[in-house]
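Accompanying notes for the structure given below.
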Amino acid sequence: MDKVVSTIIENLEKRKIKAKFFQTKEEAKEEILKEVQSYSSIGIGGSMTVKEMGLYEALLQENKEIYWHWLAEKEKVSEVRQLANQADVYLTSTNALTEAGELINIDGIGNRVSAMYYGPKKVIVLCGTNKICSDMISAMDRIKKEACPPNAKRLGLKTPCGVTGNCNDCLSEARMCNITVIINHKPMTVDLSVYIIGESLGY
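For the sequence shown, the residue numbers in full-length UniProt numbering are 1 to 203.
Here it is, written out as structure tokens:
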């Protein structure tokens, strides 16, 4: 663990947010499977990090009730989103994490960011070291340049960032940058943990 990550963990803990560092995604996955043993339902927010870690497949083997709208039938997506936000445990990733310990996220619908602070009993937020930023300004810059454009392309959206790869703060109907949330302290009713992983994961 380098000095920056050590400082971030200290700052997260000052904010009453639990924090752990894992060198690899496999180590983090193993810990998550242990953490969720006593819970029956798992909600998953839209997250390439979760997908890259193979968490869904691992949780299926644990016979957990899993709600992930990415894998739901089209007509059931909204229902699955709601069930995920009411699950015992919610797994997702963050768009950016500042050295001061602030979680910065931008969402289109808001289901992912809202579940981070209200609804589930326990929330585990995953963060590859590629998402660490010095401050809020650099965090927002990172999201606009490195997270939203590739995500828009993945979804086939006809937003400027999806077409050109550059954000211009559009007013497109397909715009994804609708809701910005900053978590700067532990939410009152949520057991919130941040798992920092020493790999480049997600957008």
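Note that the Cβ used here is the ideal one computed from N, Cα and C, for glycine as well.
Nearest to residue i (by Cα), restricted to the options the options
i	options	result
N130	Y117, Y118, E99 and P160	E99
L91	V163, C133, N111 and K74	N111
V181	L55, H69, Y117 and E62	Y117
I197	N151, L155, I132 and P150	I132
Within 7 Å, strictly: CB atoms of residue i and residue j
i	j	result
A174	N95	no
M53	K29	yes
T24	G202	no
E13	S40	no
L126	Y195	yes
C167	K144	yes
W68	I44	yes
G101	N11	yes
Residues near residue i in its chain [Cβ-Cβ closer than 7 Å; skip 5 each side]
i	result
M1	F21
C177	I106 and C148
C170	T159 and P160
S114	N85
A72	V80
Does the pairing of the stretch 71-90 with the stretch 112-124 give three or more beta-carbon distances under 8 Å? Proximity of the stretch 71-90 to the stretch 112-124 meets the contact definition, three or more beta-carbon pairs being nearer than 8 Å.
Would you call the stretch 180-197 in contact with the stretch 11-26, where contact means no fewer than 3 C-beta pairs closer than 8 Å? Taking a cut-off of 8 Å for Cβ pairs, the stretch 180-197 and the stretch 11-26 touch, as three or more such pairs fall below it.
I'd like the ranges of any beta strand (DSSP E) spanning at least 3 consecutive residues and lying wholly in the stretch 72-148. Secondary structure remark: continuous beta strand (DSSP E) runs of at least 3 residues inside the stretch 72-148, in chain order: 89-93, 96-98, 103-107 and 122-128.
Please list the segments of the alpha helix (DSSP H) lying wholly inside the stretch 14-41, counting only runs of 4 or more residues, in order along the chain. The qualifying runs are 25-35.
Inside the stretch 45-69 only - alpha helix (DSSP H) runs reaching at least 4 residues: The qualifying runs are 48-53 and 55-60.
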